[in-house]
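Everything on this sheet refers to the single structure shown next.
In the working numbering, the protein residues as written are 1 to 240.
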């Protein structure tokens with residue numbers, strides 16, 4: 001039976017206080033409460049700074065037994081080095097996260113910048129630096145990556161192509177591994193726009209058949225739209 005993992009990109013948002021988080025809930029308890037509502041979260045803070053092992057172990061301890069984490073790769077690797085000759089850095093980062101989160105770790109997200117266009121050289125960087133496992137999802141933000149060469153290469157490498165809804169990008173869902181990974185950033189206003197019920201239904205109807213895991217994160221978290229849309233999608237799946 002397929003597993004559906006639906007949540008938000010991050011959980012630590014002051015705007016959610018007294019809205020998503022009940023009045024009186026201390027920030028130190030936000031993750032614990034979040035995990036009682038959703039079964040997964042995408043950790044964005046790891047993009048900006050390397051987490052402490054003690055903090056990762058705490059995240060794993062305070063969340064529910066079936067809760068899962070996806071972790072964004074360090075921006076130093078994706079935006080500074082741009083995946084060039086960084087296998088050691090990737091391995092060290094992944095080993096730290098794996099030790100901290102243990103069995104609650106689900107995916108690593110390699111988010112590449114919009115300036116990272118498709119080329120044979122850049123595709124080879126991905127194939128050389130990202131371990132060939134489906135728990136490694138690669139998010140690309142330039143339309144040139146939506147092509148047959150990329151789809152074929154990702155399938156051969158068993159990498160998960162991260163599908164996105166992003167302002168200004170007319171994309172389609174690409175399925176390259178047993179896992180399906182989707183990021184919804186808010187459209188037309190990045191991080192802020194809410195998705196109508198009809199649009200969520202449209203996305204859901206495009207989920208490919210035969211996946212083991214279906215994972216979707218809402219990154220339109222500036223206000224209450226992220227967790228509201230995530231709850232709507234969860235309800236839709238429960239009643240499908």
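The beta carbon of each residue, even a glycine, is placed where N, CA and C say it ideally should be.
In this text the structure is predicted, and so the values were computed from the model without any measurement.
| Query | Result |
| --- | --- |
| Hey, how far is the Cα of residue 92 from the Cα of residue 33? | 30 angstroms |
| Residue 171 and residue 154 - do their beta-carbons sit closer together than 7 angstroms? | no |
| If we require 3 or more residues per run, which beta strand (DSSP E) segments fall completely within the segment 38–113? | 40–43, 68–72, 105–111 |
| Could you tell me which residues DSSP puts in a beta bridge with residue 183? | 164, 217 |
| Here's the rule I'm using: 16 or more other beta-carbon atoms within 10 Å means buried, otherwise exposed. How should residue 95 be labelled? | exposed |
| Is there at least one Cβ from chain C nearer than 7 angstroms to residue 226's Cβ? | Included in the structure is just one protein chain, with no chain C present. |
| Is residue 205 closer than 7 angstroms to residue 182 when the C-beta atoms are compared? | no |
| Pick helix, strand or coil for residue 139, following the three-state DSSP scheme. | strand |
| Quick check on residue 4: does DSSP put it in helix, strand or coil? | strand |
| According to the Cβ coordinates, are residue 165 and residue 147 closer than 7 angstroms? | no |
| In terms of residue numbering, what span does the alpha helix (DSSP H) encompassing residue 203 cover? | 197–205 |
| Go ahead and label residue 240 buried or exposed: buried means 16 or more other beta carbons lie within 10 angstroms of its beta carbon, across all protein chains shown. | exposed |
| Which residue's Cα is closest to the Cα of residue 211: 174, 38, 127? | 174 |
| Can you check which of these residues, 144, 84, 224, 112, is closest to residue 128 by C-alpha distance? | 84 |
| Once the 5 residues before and after residue 151 are set aside, which same chain residues still bring their CB inside 8 angstroms of it? | 161, 174, 176 |
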